[in-house]
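J.: Just passing along the structure, written as structure tokens.
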Amino acid sequence: MTPADPPAPPPTPQSFADARLAALMAGVAAADRRAFDELYRSTSAALFGTVLRICRDRGQAEEVLQEVYITVWRRAAAFDAAQGRVLPWLTAIARHRAIDALRHQASQPATVSRHGGLDDDEDGDLLALMPSDQPGPLDLLDNASRAHALERCMGELSHQQRSSLALAYYQGLSHAEVAEHMRQPLGSVKSWVRRGLQSLRLCLDRAAQRVGAMGRVA
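To convert, count from 1 in the sequence shown and add 89; that's the working numbering.
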């Protein structure tokens with residue numbers, strides 16, 4: 090007689106947890122937002138700890154964590170449960186994102202003003218046009234859509250408008266400093282900034298209306 094195979098070991102809590110996360114990842118790969126929400130709630134605390142140990146700054150760690158889950162949403166189909174477990178896969182993404190954030194921070198100026206070119210114009214704060222910082226996982230997807238819309242709308246501006254806005258709002262330069270940097274008249278720079286903001290707002294409003302119309306149709 091052939092000896093019977095030894096009985097399989099009983100499932101452990103860890104194996105149940107791994108199977109559950111793998112099932113959630115499959116749902117995320119199929120664009121299931123409920124699965125994404127559950128995956129976020131199940132893993133975000135662990136990933137935040139990983140990111141915080143690298144970045145040290147809590148605010149920066151929270152921003153990196155958002156980027157991690159946007160990446161997970163986009164790359165979920167690349168996960169292969171036969172090749173490994175979900176949490177180590179997510180942790181590797183979080184670690185790489187945190188290291189990238191540190192490298193990016195080291196290459197940036199020490200201080201940046203969010204009101205760079207607004208010393209004498211009432212054009213508002215460009216950060217109001219950027220994706221809002223919302224804690225919920227579904228909001229991360231909306232933020233990603235807004236960021237894509239902003240990038241597309243920036244691409245529709247003239248070269249002078251894009252350069253003026255980038256220097257004034259992303260590098261914190263005043264209008265006079267922008268004019269000196271671009272070697273252009275101050276009046277031209279102010280006009281480019283003002284018209285660029287107006288065009289940007291109109292473009293973003295149209296994008297928001299299209300998204301709202303799609304939601305109503307859905």
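By construction, the Cβ of each residue, glycine as well, lies at the ideal position given by its N, Cα and C atoms. A quick note: this is a predicted structure, and the numbers were derived from the prediction, not measured.
Can you name, in chain order, every residue of its own chain whose Cβ lies under 8 angstroms from the Cβ of residue 275, other than the five neighbours on each side?
T.: Taking the sequence shown and counting its residues from 1, one reaches residue 275 at position 186. So the qualifying residues of the chain are 264, 265, 268.
J.: On the three-pair Cβ rule with 8 angstroms, is the segment 176-196 touching the segment 142-153?
T.: A contact exists between the segment 176-196 and the segment 142-153.
J.: Under the rule that 16 or more other beta-carbon atoms within 10 Å means buried, what is residue 156, buried or exposed?
T.: For the purposes of this step, residue 156 is taken as residue 67 along the sequence shown, with counting starting at 1. So residue 156 counts as buried.
J.: Within this structure, are the beta carbons of residue 140 and residue 183 separated by less than 8 angstroms?
T.: In the sequence shown, counting from the first residue as 1, residue 140 sits at position 51. In the sequence shown, counting from the first residue as 1, residue 183 sits at position 94. Contact: yes.
J.: Taking the C-alpha atoms as reference points, what is the distance between residue 164 and residue 108?
T.: In the sequence shown, the residue the question calls residue 164 occupies position 75. In the sequence shown, the residue the question calls residue 108 occupies position 19. About 19 angstroms.
J.: Classify residue 291 as helix, strand or coil using the three-state DSSP reduction.
T.: Here residue 291 refers to the residue found at position 202 of the sequence shown. Of the three classes helix, strand and coil, the one that applies to residue 291 here is helix, per DSSP.
J.: For residue 150, report the span of its alpha helix (DSSP H) as first-last.
T.: Residue 150 sits at position 61 when you count from the first residue of the sequence shown. Run containing residue 150: 147-164, per the alpha helix (DSSP H) assignment.
J.: Tell me the DSSP secondary structure of residue 274 in three-state form.
T.: In the sequence shown, the residue the question calls residue 274 occupies position 185. Note: residue 274 maps to coil in three-state DSSP.
J.: Looking at residue 278 and residue 247, is the spacing between their C-beta atoms short of 8 angstroms?
T.: Here the question's residue 247 lines up with position 158 in the sequence shown. Here the question's residue 278 lines up with position 189 in the sequence shown. No. Outside cutoff.
J.: Does DSSP classify residue 124 as helix, strand or coil?
T.: Along the sequence shown, read from residue 1 onward, the residue named residue 124 stands at position 35. Residue state, collapsed to three classes: helix.
J.: So is residue 173 buried or exposed if we call it buried at 16+ other beta carbons inside 10 Å?
T.: Within the sequence shown, residue 173 is the residue found at index 84, counting from 1. Exposed, by the Cβ-count rule.
J.: Can you tell me which of the three DSSP states residue 216 falls into?
T.: Here the question's residue 216 lines up with position 127 in the sequence shown. Note that residue 216 scores 46 on pLDDT, short of 50, meaning its location in the model is unreliable; the coordinates nonetheless yield the value given after this. The answer is helix: DSSP assigns residue 216 an H, G or I state.
J.: Considering only the alpha carbon of each residue, which of 180, 291, 111, 271 lies closest to residue 241?
T.: Within the sequence shown, numbered from 1, the residue matching residue 241 stands at position 152. Answer by Cα proximity: 291.
J.: Residue 207 by DSSP, collapsed to three states: which one?
T.: Here residue 207 is taken as the residue at index 118 of the sequence shown, counted from 1. A caution first: residue 207 carries a pLDDT of 44, below 50, which makes its placement in the model unreliable, though a value can still be read off. In this structure, residue 207 counts as coil in the three-state DSSP scheme.
J.: Determine the direct distance from the alpha carbon of residue 110 to that of residue 178, and round the result to whole angstroms.
T.: Within the sequence shown, numbered from 1, the residue matching residue 178 stands at position 89. Within the sequence shown, numbered from 1, the residue matching residue 110 stands at position 21. Straight-line Cα distance between these residues: approximately 11 angstroms.
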